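So the protein lines, in turn, are chains Z and X.
For the first sequence, the numbering used here gives the first residue as -14, with consecutive numbering after it.
For the second sequence, the numbering used here gives the first residue as -14, with consecutive numbering after it.
All residues carry an ideal CB built from backbone N, CA and C; glycine is no exception.
For clarity, every value in this text was computed on a predicted model and none was experimentally measured.
2 protein chains.
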Amino acid sequence: MTDWIKSIAWNEDGLLPVIVQDYLSKKILMFAWMNEASLRASLSQKKTIFWSRSRKKQWIKGEESGHAQNIKSMYLDCDQDVLLVQVEQEGGIACHTGRESCFFNKVSADSSSLEIDGDIVKDPKKIYGD
Amino acid sequence: MTDWIKSIAWNEDGLLPVIVQDYLSKKILMFAWMNEASLRASLSQKKTIFWSRSRKKQWIKGEESGHAQNIKSMYLDCDQDVLLVQVEQEGGIACHTGRESCFFNKVSADSSSLEIDGDIVKDPKKIYGD
């Protein structure tokens, strides 16, 4: 039923880079990794489940924060080694800093510095506890 | 002038994953990697320059195809280990298959197969020669 998964070019660690995009606004929300088990779990549950490289375990997005991502569509790239997932973001917050998107460090026009571009929607302490 | 580059968390190979997005349509065009030299070259030239992991050399996007990417804005993520680059795509083609985007292999609604979702704008033979 999912023969295309066999054609994926996993990296040397058996992982696939995953870009997560809001399905309506097209804003990039975050970037993470999946292994085959987390990809299959994501497909069956229609929610994003990643592989946490730091914690070395499956990471059900939203398990702690409540900010799950409901999968609307998925695309593999031309080399079948990168996945794009378009999602409905619960709570409107994808980032652990309480922002909508993880990509809030904007390079300034003269390239000299980073500027914060993205409001904190909810205090992380209220999301995760102290 | 670019102290923020020192705060980047390069991976074990000294590389940074880069997501390339059309600055107007917000469509994801491609995914590639930069090292510090290609990031600095991209910043100074305002065009994307990647590190080709397969060819092990700098890869000036559009050098062969003419389909350069003019950088409009750049964002680092919360962990400062992923870069998002918003670009104006010359020729409207980012993919070596002659398509606008590399992400044209859409996972079917029942997850059973991949469907092509993206027209070939220009025959690759006309872009690169035979």
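Element boundaries [beta strand (DSSP E), containing residue i]
i: residue 100 of chain X; result: 99 to 101
i: residue 112 of chain Z; result: It is not in any beta strand (DSSP E) - residue 112 of chain Z instead sits in the alpha helix (DSSP H) that spans 109 to 113.
i: residue 44 of chain Z; result: 42 to 45
i: residue 4 of chain Z; result: 1 to 7
i: residue 58 of chain Z; result: 54 to 61
Beta-carbon proximity check, residue i vs residue j, cutoff 8 Å
i: residue 8 of chain X; j: residue 58 of chain X; result: yes
i: residue 13 of chain X; j: residue 93 of chain X; result: no
i: residue 23 of chain X; j: residue 43 of chain X; result: yes
i: residue 19 of chain X; j: residue 80 of chain X; result: no
i: residue 3 of chain X; j: residue 70 of chain X; result: yes
Residue nearest to residue i in terms of C-alpha spacing, selected from the options
i: residue 100 of chain X; options: X:89, X:54 and X:49; result: X:89
i: residue -6 of chain X; options: X:22, X:67, X:5 and X:46; result: X:67
i: residue 28 of chain X; options: X:52, X:-11, X:109 and X:62; result: X:-11
i: residue 110 of chain Z; options: Z:56, Z:102 and Z:49; result: Z:49
i: residue 17 of chain Z; options: Z:26, Z:-4, Z:25 and Z:37; result: Z:37
i: residue -13 of chain Z; options: X:2, X:95 and X:35; result: X:95
i: residue 106 of chain Z; options: Z:78, Z:4 and Z:98; result: Z:78
i: residue -9 of chain X; options: X:21, X:35, X:115 and X:40; result: X:21
i: residue -2 of chain X; options: X:4, X:41, X:71 and X:34; result: X:41
i: residue 103 of chain X; options: Z:103, Z:63, Z:34 and Z:102; result: Z:63
i: residue -4 of chain X; options: X:55, X:34, X:26 and X:65; result: X:65
i: residue 97 of chain Z; options: X:25, X:1 and X:0; result: X:25
Start-to-end residues for the alpha helix (DSSP H) that takes in residue i
i: residue 21 of chain X; result: 21 to 30
CB-CB length for residue i against residue j, believed under 8 Å
i: residue 32 of chain Z; j: residue 46 of chain Z; result: 7 Å
i: residue 76 of chain Z; j: residue 51 of chain Z; result: 6 Å
i: residue 60 of chain Z; j: residue 11 of chain X; result: Residue 60 of chain Z to residue 11 of chain X, Cβ: 14 Å. No contact.
In chain order, each beta strand (DSSP E) run of at least 3 residues that lies wholly inside the region 68 to 95 of chain Z: Counting whole runs of 3 or more residues, the region 68 to 95 of chain Z contains the beta strand (DSSP E) stretches 68 to 74 and 90 to 92.
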